[in-house]
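Below is one structure, written out as structure tokens; comments come after it.
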Amino acid sequence: MLKWRHACHSKRIQKNNKVQWKSDKGITLVELLASLAILSIVILLAGSVNIFGQKQFINQTQSASQANDMSYALSVMSRDLRKEEAGAVSVTEAEDGKEITTNSGLTFTYINSKNQLRKNGTVLVDAISSAEFEKNDNNIKIILKNNSPQVKDKSYQTTIYFRR
1 MLKWRHACHS KRIQKNNKVQ WKSDKGITLV ELLASLAILS IVILLAGSVN IFGQKQFINQ
61 TQSASQANDM SYALSVMSRD LRKEEAGAVS VTEAEDGKEI TTNSGLTFTY INSKNQLRKN
121 GTVLVDAISS AEFEKNDNNI KIILKNNSPQ VKDKSYQTTI YFRR
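Residue numbers for the sequence shown, in full-length UniProt numbering: 1 to 164.
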């Protein structure tokens with residue numbers, strides 16, 4: 001009967017000036033289990049990094065989208081309201097929010113129950129937790145706050161000075 005030898009132990013045999021190594025073929029069960037354990041840890045770490053990267057990408061994409069929507073809404077409001085005279089713009093409390101109206105028929109309405117800002121009835125931006133409109137003699141201050149669950153709460157504001 002042959003004695004068992006570990007794979008690391010080998011015997012050197014010389015035949016015809018050629019060096020050959022004689023060793024046991026195959027691996028033991030302990031070596032197999034150790035290599036599987038190491039492989040599973042490596043796969044687990046790679047999967048963890050991948051999932052973290054995807055989650056971070058989704059959060060950053062939603063945050064950038066929210067910032068883009070808010071800046072677009074403020075840009076549209078600035079462009080349209082700067083064309084008006086100071087006396088032609090009024091800020092009122094609507095039934096479910098606040099409203100900016102002009103003598104030319106332009107309206108910006110914040111609907112509190114739907115968390116929407118609308119321009120003449122068309123949705124301009126969604127996911128707004130609050131909107132504040134403060135009108136002074138020659139300017140109007142607009143503050144919009146978001147309420148998207150994946151995005152950190154941010155406040156966007158602008159002050160629009162009317163042309164005379």
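We put the CB at the ideal spot given by N, CA and C, even for glycine.
Residue i beta carbon near the ligand PLP (any heavy atom closer than 7 Å)
i	result
leucine 124	As for the ligand PLP, it is missing from this structure, which has no ligand bound.
For residue i, the residue or residues it bridges with in DSSP
i	result
serine 155	Lys145
lysine 114	Note: lysine 114 sits in no beta bridge, so no partner.
asparagine 139	Tyr161
Local conformation of residue i per DSSP, three classes
i	result
alanine 94	strand
alanine 131	strand
Sub-8 Å separation of residue i and residue j beta-carbons
i	j	result
valine 89	lysine 98	no
leucine 144	leucine 117	yes
arginine 82	isoleucine 160	yes
asparagine 50	glutamine 150	no
residue 207	lysine 154	Coverage of the chain is limited to positions 1 through 164, which leaves residue 207 absent and any answer about it impossible.
glutamine 84	threonine 101	Position check: residue 84 holds glutamate in this sequence, whereas glutamine was assumed. Their beta carbons are not under 8 Å apart, which means glutamate 84 does not touch threonine 101 by this criterion.
leucine 74	tyrosine 156	yes
alanine 86	phenylalanine 133	no
threonine 158	serine 63	no
aspartate 137	asparagine 112	no
valine 76	lysine 114	no
**Request:** Entirely within the stretch 17-84 and at least 3 residues each: give me those beta strand (DSSP E) ranges in chain order.
**Result:** Complete beta strand (DSSP E) runs here, min 3: 18-22.
**Request:** Determine, using beta-carbon pairs with one atom in the stretch 119-133 and one in the stretch 68-79, whether at least three such pairs fall under 8 Å.
**Result:** Yes, the stretch 119-133 is in contact with the stretch 68-79.
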